[in-house]
Every structure is written in C-alpha cells, then in structure tokens.
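Scroll down for the structure; my scribbles are underneath it.
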Amino acid sequence: MLKTEVAGSKAHLNKIVAGSLIDVEILMPATSKRVKTEFVGLLEGQFIVLNHPNPKRLGAALDYIKEGAQVIVRALLEQSGGQIIAFKAHIKSVTVHPARLIFIHFPESVQLIKLRNHTRIPTLIPATFCIPNYNTLGVIKDISLKGLQLHVQEPHVPEDLKETLCSIKLTGKDEEHITLQGQVCSIKQESVTTHLGIKLLCEQSKIENVLKDYLIDLSVIELTEVV
1 MLKTEVAGSK AHLNKIVAGS LIDVEILMPA TSKRVKTEFV GLLEGQFIVL NHPNPKRLGA
61 ALDYIKEGAQ VIVRALLEQS GGQIIAFKAH IKSVTVHPAR LIFIHFPESV QLIKLRNHTR
121 IPTLIPATFC IPNYNTLGVI KDISLKGLQL HVQEPHVPED LKETLCSIKL TGKDEEHITL
181 QGQVCSIKQE SVTTHLGIKL LCEQSKIENV LKDYLIDLSV IELTEVV
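All letters in the sequence shown, in the order written, are residues 1 to 227 by full-length UniProt numbering.
And the structure:
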C-alpha cells in the first residue's frame with residue numbers, strides 16, 4: 001500500500017535535486033505518454049524548468065509539448081525515506097535557445113507519496129546473483145525497500161538455496177558498481193526460469209539510491225485529482 005499526503009506547501013519542491021531524473025507524463029486527449037527527463041530547477045512561486053526530452057522518444061506526444069498542455073511530474077526525493085513527490089501543472093512555455101527547455105507553471109498543490117516498506121515497484125534491472133562458488137545473470141523484476149524478485153534464466157539452481165545469504169550486483173548511475181546484500185526467502189521454478197524472492201539486509205539508504213538511479217517505473221503511482 002501507498003500512503004499519500006496532499007501538501008498545501010510547495011516547499012517540498014525544493015527537495016528535488018537539480019539534474020535528477022524525473023518522470024513526466026504528457027496528457028493528451030485520448031491517452032498519455034510517460035518519459036524520463038532531467039529536473040533543471042525552479043523559481044519559487046513562478047515556474048519549474050525541465051530539460052526537453054529527446055523528441056525521438058516522444059512520438060505523437062511531441063505535438064503536445066506546448067503552451068497550455070497539461071503534464072504530471074513525479075520524482076523520487078533524495079534522503080526522504082522513499083518519498084515520491086507528484087504534481088499536475090500546465091506548460092508555461094517551451095524554449096529552443098540557448099537550450100531546449102520546458103517551463104511549467106508552479107502547481108497549486110503537490111502530493112507526497114510514501115512508499116511503504118513492502119510496496120513492490122516493477123523494474124527491469126539487469127543484475128548478477130552471487131553466492132560462494134556460484135553466480136548467474138538475472139533481471140530484477142520488482143523491488144521494495146525490504147526485498148526484491150529476481151528472475152534468472154536457469155531451470156536449475158544450486159539445491160538448498162533457501163535461507164542462503166547472497167549478493168545482488170548491479171550497475172548504477174555513472175557506471176557505479178552496487179552490491180545489495182540479502183537472503184533467499186523463496187524459490188519458484190517455471191520452465192527455463194527460476195524466480196528468487198530475496199529479503200534485503202542492506203541499509204535502506206542504499207536501496208533508495210538504487211530507486212533514484214534507475215528512476216523506478218512509477219506507473220504504479222497514480223496521481224489523484226489535485227486542485
């Protein structure tokens with residue numbers, strides 16, 4: 001479950017770090033398009049500045065990045081205990097010189113969404129599962145502040161893995177090598193894939209850094225109407 005707080009104060013916007021990745025949803029008449037871009041900064045009470053996403057990733061949504069269009073912005077706040085900030089606003093203007101930037105109006109209100117410890121967020125993060133004398137490549141299919149689900153493309157894994165201490169190795173921002181310590185708590189074999197449920201034993205701040213680096217797919221975070 002997610003815990004949501006509608007915050008009357010916009011001071012929380014100052015917690016979004018310049019240069020950090022954010023999730024932008026461009027609202028269109030019949031659908032919407034979600035892309036990742038960078039948060040540039042803000043002028044208190046006037047506007048927020050975002051880097052213009054790569055046009056090749058926008059498709060038909062490119063025509064809707066214009067004055068008056070509505071967007072939803074979501075960002076994971078650093079050192080916030082897994083809080084996501086989300087708000088809805090209209091585009092104020094778009095510039096092409098000296099840089100392609102999107103200016104959006106300051107929102108009327110924002111929402112703070114707290115990821116509970118067991119909230120599972122879907123991902124597709126390549127990772128290596130490691131125990132003494134054995135390692136295999138896999139994909140982290142979902143992650144929470146307390147655990148993750150790792151799928152490995154092997155029909156058979158070493159016996160008696162349950163309760164075994166392990167390491168999950170992945171590459172973060174700027175090619176930084178990250179190691180998460182954990183313990184295997186469940187094993188499910190399905191055709192040529194083995195699903196490993198892993199309880200994370202490392203510091204929560206380290207897990208939050210993974211969430212931030214990969215800007216975990218926030219499509220599970222729905223923004224209710226804000227006025």
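For each residue, glycine too, the CB sits at the ideal point set by N, CA and C.
Legend entry - Length-filtered (3 minimum) beta strand (DSSP E) runs lying within the segment 84-161: 101-105, 110-115, 121-131, 134-143, 147-152
Inset, instruction - Would you decide whether T194 is buried or exposed? Buried here means 16 or more other CB atoms lie within 10 Å of its CB. - result: Per the 10 Å Cβ criterion, buried.
Inset, instruction - Give me the Cβ distance between K199 and Q183, rounded to the nearest whole Å; I'm assuming they're in contact under 8 Å. - result: 5 Å
Inset, instruction - Could you please give me the residues that DSSP links to T194 through a beta bridge? - result: V152, Q189
Legend entry - Cβ-based burial, I16 [other Cβ within 10 Å; buried from 16]: buried
Inset, instruction - Measuring alpha carbon to alpha carbon, tell me which of N135, T128, L148, L101 ends up nearest I121. - result: Here the closest residue by C-alpha is L148.
Inset, instruction - Can you grab the Cα-Cα spacing for the pair L101 / G68, in whole Å? - result: 15 Å
Legend entry - Within 8 Å, strictly: CB atoms of A75 and F129: no
Inset, instruction - Take the Cβ of H177 as the centre, count every other Cβ of all protein chains shown within 10 Å, and call the residue buried at 16 or more, exposed below. - result: exposed
Inset, instruction - Output yes or no for whether 8 Å exceeds the beta carbon distance between I113 and A61. - result: Not closer than 8 Å, so no.
Legend entry - Start-to-end residues for the alpha helix (DSSP H) that takes in E208: 204-214
Legend entry - CB contact flag (L50, V35, <8 Å): no
Inset, instruction - Just the C-alpha distance for H90 and F47, rounded to the nearest angstrom, thanks. - result: Cα to Cα, the separation comes out at about 10 Å.
Legend entry - Nearest-angstrom Cα separation, counted from L150 out to I12: The amino acid at residue 12 is misidentified as Ile; the sequence shows His. Roughly 34 Å between the two C-alpha positions.
Legend entry - Residues bridged to D23 (per DSSP): D23 pairs with K36, R74.
Legend entry - Beta-carbon contacts of S32 that lie in its chain and below 7 Å, excluding the five residues immediately before and after: Cβ within range, chain order: E25, I26.
Legend entry - H12 in three-state terms, based on DSSP: helix
Legend entry - Where L58 sits in the DSSP three-state scheme: In the structure shown, L58 sits in a helix (DSSP, three-state: H, G or I).
Legend entry - Y64 vs I125 beta-carbon contact at 8 Å: no
Inset, instruction - Count the other CB atoms, across all protein chains shown, that sit within 10 Å of the CB of G138; report buried if there are 16 or more and exposed otherwise. - result: buried
Legend entry - Where the beta strand (DSSP E) through T164 begins and ends: Run containing T164: none; DSSP gives neither H nor E here.
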